[in-house]
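Visitor: Take a look at this one; I'll ask things after.
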Amino acid sequence: MNDALQPLSALLSHAERERDEALAHRQHMQQALESARTQAEQLVAYRRDYEQRWAQRFTEAGQVQLLHSYHGFVTRLTQAIEHQQRVVVQAERQLERALETLQQQELRVASVLKLVERRVAEIEKAGAQREQRSLDELASRAAWNRLAAATTRF
22 MNDALQPLSA LLSHAERERD EALAHRQHMQ QALESARTQA EQLVAYRRDY EQRWAQRFTE
82 AGQVQLLHSY HGFVTRLTQA IEHQQRVVVQ AERQLERALE TLQQQELRVA SVLKLVERRV
142 AEIEKAGAQR EQRSLDELAS RAAWNRLAAA TTRF
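Below is the structure:
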């Protein structure tokens with residue numbers, strides 16, 4: 022019985038390993054997404070704080086060079102935020118793909134488990150049929166032996 026299930030056992034083990042890898046990858050993608058979102062939020066908060074600080078300075082008499090530096094930095098900061106937002110979108114897509122892969126692997130494991138269950142049921146049914154044939158044969162022999170013993174007495 023064990024020999025008959027060995028290929029399916031190997032297939033199940035492989036499918037479970039792939040599922041576990043897909044789960045680990047999904048978790049990694051989830052962490053990457055959370056990290057990207059956190060960084061984007063930090064950049065936005067930093068820009069907001071920076072703009073507030075400079076808004077106070079602009080109420081005072083300012084230098085033109087200082088204003089150019091401010092605008093240049095805010096432009097670069099905005100570009101960094103836009104880039105980080107693209108990173109977040111990319112991380113979301115990667116997480117979606119990882120979830121799809123995980124679902125496919127879960128389905129594969131479930132399919133292999135169902136196949137193993139069917140094979141075990143077939144093996145058990147075949148064993149029960151063999152046992153029933155053996156019992157039927159023994160009963161038939163016993164009946165023939167009783168019949169033979171009864172006919173030899175007369």
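Its first residue numbered 22, the sequence shown is counted upward by one per residue in the working numbering.
Idealized CB from N, CA, C, for every residue including glycine.
#1: Roughly how many angstroms separate the alpha carbons of ASN166 and GLN153, rounded to a whole number?
#2: With three or more beta-carbon pairs closer than 8 angstroms as the criterion, would you say the region 57-71 touches the region 154-173?
#3: Kindly indicate which three-state DSSP category GLN51 falls into: helix, strand or coil?
#4: How many angstroms separate the CA atom of SER34 from the CA atom of LYS146?
#5: Assuming GLU29 contacts VAL137 under a Cβ cut-off of 8 angstroms, what Cβ separation, rounded to an integer in Å, is found between them?
#6: GLN115 by DSSP, collapsed to three states: which one?
#7: Measure the CB-CB distance between GLN51 and LEU116 and report whether it falls below 8 angstroms.
#8: Roughly how many angstroms separate the alpha carbons of ARG74 and ARG58, rounded to a whole number?
#9: Do the region 34-49 and the region 98-105 meet, that is, are 3 or more Cβ pairs less than 8 angstroms apart?
#10: If contacts are defined as beta-carbon pairs under 8 angstroms, then LEU32 and VAL141 qualify, I think. What distance do you get, rounded to the angstrom?
#11: Give a yes or no on whether the C-beta atoms belonging to VAL109 and ALA76 are separated by under 8 angstroms.
Guide: On the basis of the supplied data:
#1: Numbered from 1 along the sequence shown, position 145 holds the residue referred to as residue 166. Numbered from 1 along the sequence shown, position 132 holds the residue referred to as residue 153. Approximately 20 angstroms between the Cα atoms of the pair.
#2: no
#3: On the sequence shown, residue 51 is found 30 positions in, with the first residue counted as 1. Looking at GLN51 - three-state DSSP - the assignment turns out to be helix.
#4: Residue 34 sits at position 13 when you count from the first residue of the sequence shown. Residue 146 sits at position 125 when you count from the first residue of the sequence shown. Between SER34 and LYS146, the C-alpha separation is close to 25 angstroms.
#5: Residue 29 sits at position 8 when you count from the first residue of the sequence shown. Residue 137 sits at position 116 when you count from the first residue of the sequence shown. Contrary to the premise, residue 29 reads as Leu rather than Glu in this sequence. Confirmed, about 5 angstroms.
#6: Working through the sequence shown from its first residue, we reach residue 115 at position 94. In this structure, GLN115 counts as helix in the three-state DSSP scheme.
#7: Along the sequence shown, read from residue 1 onward, the residue named residue 51 stands at position 30. Along the sequence shown, read from residue 1 onward, the residue named residue 116 stands at position 95. Yes, these two residues count as a Cβ contact at 8 angstroms.
#8: As a position in the sequence shown, residue 74 is number 53, starting the count at 1. As a position in the sequence shown, residue 58 is number 37, starting the count at 1. The alpha-carbon atoms of ARG74 and ARG58 are separated by roughly 24 angstroms.
#9: no
#10: Numbered from its first residue, the sequence shown carries residue 32 at position 11. Numbered from its first residue, the sequence shown carries residue 141 at position 120. In fact, because the Cβ distance is near 14 angstroms, the residues do not count as touching under 8 angstroms.
#11: Counted from its first residue, the sequence shown places residue 109 at position 88. Counted from its first residue, the sequence shown places residue 76 at position 55. Not in contact: VAL109 and ALA76 (Cβ atoms no closer than 8 angstroms).
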